[in-house]
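In what follows, a structure is listed as structure tokens, so that the remarks can point back to it.
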């Protein structure tokens, strides 16, 4: 599709202005008549030639042939090889003062080759000394996507107009990449418009402005956001244009300059706008009982019902919620706010709303909530784990409660036989394989994120498909309302090749029936591997039928976003993210979002949870991620489960773990397993507890057996 689009634009250009075709390399001989080939005497095994028809590795841009130079392998102690392909003598005029050609390489990444377009007015094209460089590129500059053809335009300086000149294509390198060029032509230069801005959008119009040549006219083509351009638009005589008579929807447009003598610029765009309606509001609460709504409610679910359609949105850290992309104007709406634990039940809001009102805001305020103490921790894999590279994580601590915490400690236990702790910008303590952070000022309904980096040891310590196991735990002195989310486990598979767009389930591909009673955590990662910033990014994700959709909870993300849930359909919108492309800012080209959701209470052994995400960068086709699979398995061959007849204390534990029976039963045996299922401690008739001092810090499962029952529980070794 991309090649067809480029061909369409080229055909439009050739039909709209005077263009002197130089060469498409489709003749009977190579080099074509008048063209010449030279080299600098370093590496003489390769010279410019043309490709063979039908070669899938070396395809033409158009037709059957393209010019091609293979890479030279020369001694490292000498100069690099230079291979020159020189045009015939051409007349440089205003009508052909810009060189255009299509460039393609053959290898990913940068192999160190340089590419130049040079010009000489000397009468001898074989004298290489007088040539002057017009433009020079590295591999990633000339072809950000190396194995796709890229249109290159090189303006020829005004000083050459009226002269005759030779133009040279020069590749310089040592065992780097190759170079294909095709469809070389000269045409008159017309500067494209700049600073294109949509300054105002109404229900029926959009006003566009730009800057450009005052002597020019402009052509603008407007279409729906998902339509293909035709190359034919309407002419604008001024650099302000009003797009009128538009209905409610999303649109894009392209723009180009029209200069004298039929010369036009290249198209710029697409630029996007919409006149879809939206509305939102702020949810706050009274912190101290003074009847003043002074604090935002983060993470509240706002259920909006319009006709038969019901959509859930969620408040951000400022208590703000929004619902966009609405084609409604004035309609009846009902809104139900489901706040976190501790808040009163908010009455249902019902009203007739005018969505075209720019000032529309539906706000809610809760009275002072009940005291709830609840911290939760999640370790988020920001990137994939590869042997020999650093792997980055975000340790996210969330205060789900209504009570501010003045102090807390969060621990990460890792496998120091596979990982070396690398760094964190936060103050930390490292004891063997346990990393800890002391937190202060965890205000109610807030999140603190801690970046952490580990070095993944190279083979043989780590191989592809090995598993890294992390245990994270947050502790406070106070008694918590929901202690079960104080501990989480991240099981991460080691990979050899990097896929920047994926979905990960933190708990891994297998969980126990007990784990199925808690949350599963998912992280969707994305990267803009294009050649320009992505204005908007959208993620779509379907919750499996085995989940309780009502328990969905967004946790954290790399950038500001809005999330909606319609049944089991999730949509995460990063509008206006302007996510950098990987060629200009690799670290800034990544993003992620993390959420959690509980399985249905009716799940059983053998049930599966599947999750796949679709990632959209602007209006490009979806990038479909892998599918994250998790199965409920039987732990350690135990098939008997009872209610919690025993209590463990202290938990977390440092040296000795004790058991308390709630019904007077006596234990016949105790087995302790790590998260990989390895038996670590076994003791018959354990009276007075068991010694766990020799265990490495982390999460453990304990199997408690009596004459009649078997019970599995878990504890943390500090």
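In mature numbering (1 follows the signal peptide of the UniProt record, and there is no 0), the protein residues as written are -18 to -1, 1 to 700. Here a beta-carbon is modelled for each residue, glycine too, at the ideal position from N, C-alpha and C. Nothing here was measured: the structure is a model prediction, and the numbers come from that model.
Tell me, please, which residues DSSP counts as bridged to residue i.
i: residue 327; result: Answer by DSSP bridge pairing: none, since residue 327 is not bridged.
i: residue 544; result: 555
i: residue 660; result: Answer by DSSP bridge pairing: none, since residue 660 is not bridged.
i: residue 176; result: 193
i: residue 30; result: Beta-bridge pairing links residue 30 to no other residue.
i: residue 347; result: 266
i: residue 503; result: 578
i: residue 392; result: 419, 456
i: residue 413; result: 416
i: residue 655; result: 661, 683
i: residue 314; result: 334
Would you mind sorting residue i into buried or exposed? The rule is 16 or more other CB atoms within 10 Å of its CB.
i: residue 683; result: buried
i: residue 128; result: buried
i: residue 560; result: exposed
i: residue 569; result: exposed
i: residue 247; result: buried
i: residue 330; result: exposed
i: residue 349; result: exposed
i: residue 487; result: buried
i: residue 374; result: buried
i: residue 235; result: buried
i: residue 466; result: exposed
i: residue 621; result: Summary for residue 621: the model assigns pLDDT 34, below 50, so the residue's position carries little reliability; its value from the coordinates is reported in the next sentence. Residue 621 is exposed by the Cβ-count criterion.
i: residue 65; result: buried
i: residue 99; result: buried
i: residue 638; result: exposed
How would you write the range of the alpha helix (DSSP H) that residue i sits in, first residue to last?
i: residue 124; result: 121 to 124
Do residue j and residue i count as a contact pair if the criterion is CB distance below 8 Å?
i: residue 154; j: residue 96; result: yes
i: residue 430; j: residue 354; result: no
i: residue 513; j: residue 443; result: no
i: residue 526; j: residue 507; result: no
i: residue 420; j: residue 391; result: yes
i: residue 610; j: residue 504; result: yes
i: residue 475; j: residue 447; result: yes
i: residue 543; j: residue 554; result: yes
i: residue 121; j: residue 93; result: yes
i: residue 131; j: residue 47; result: no
i: residue 454; j: residue 357; result: no
i: residue 686; j: residue 661; result: no
i: residue 463; j: residue 383; result: yes
i: residue 283; j: residue 302; result: no
i: residue 344; j: residue 281; result: no
i: residue 315; j: residue 237; result: no
i: residue 35; j: residue 68; result: no
i: residue 477; j: residue 521; result: no
i: residue 652; j: residue 699; result: no
i: residue 9; j: residue 45; result: no
Taking the C-alpha atoms as reference points, what is the distance between residue i and residue j?
i: residue 692; j: residue 279; result: 43 Å
i: residue 277; j: residue 313; result: 31 Å
i: residue 365; j: residue 540; result: 12 Å
i: residue 558; j: residue 481; result: 24 Å
i: residue 670; j: residue 695; result: 18 Å
i: residue 435; j: residue 471; result: 17 Å
i: residue 628; j: residue 438; result: 39 Å
i: residue 359; j: residue 456; result: 6 Å
i: residue 551; j: residue 592; result: 14 Å
i: residue 269; j: residue 427; result: 11 Å
i: residue 395; j: residue 578; result: 21 Å
i: residue 16; j: residue 54; result: 25 Å
i: residue 199; j: residue 565; result: 34 Å
i: residue 242; j: residue 138; result: 18 Å
i: residue 124; j: residue 511; result: 16 Å
What span of residues does the beta strand (DSSP E) with residue i cover, start to end?
i: residue 40; result: From DSSP, residue 40 is part of no beta strand (DSSP E); its letter is neither H nor E.
i: residue 134; result: 132 to 137
i: residue 496; result: Residue 496 -> no beta strand (DSSP E), and no H or E assigned at all.
i: residue 455; result: 449 to 457
i: residue 685; result: 680 to 687
i: residue 474; result: 469 to 475
i: residue 82; result: 80 to 86
i: residue 640; result: 638 to 643
i: residue 100; result: 96 to 102
i: residue 704; result: Because the chain spans -18 through 700 in this model, residue 704 falls outside it and cannot be assessed.
i: residue 615; result: From DSSP, residue 615 is part of no beta strand (DSSP E); its letter is neither H nor E.
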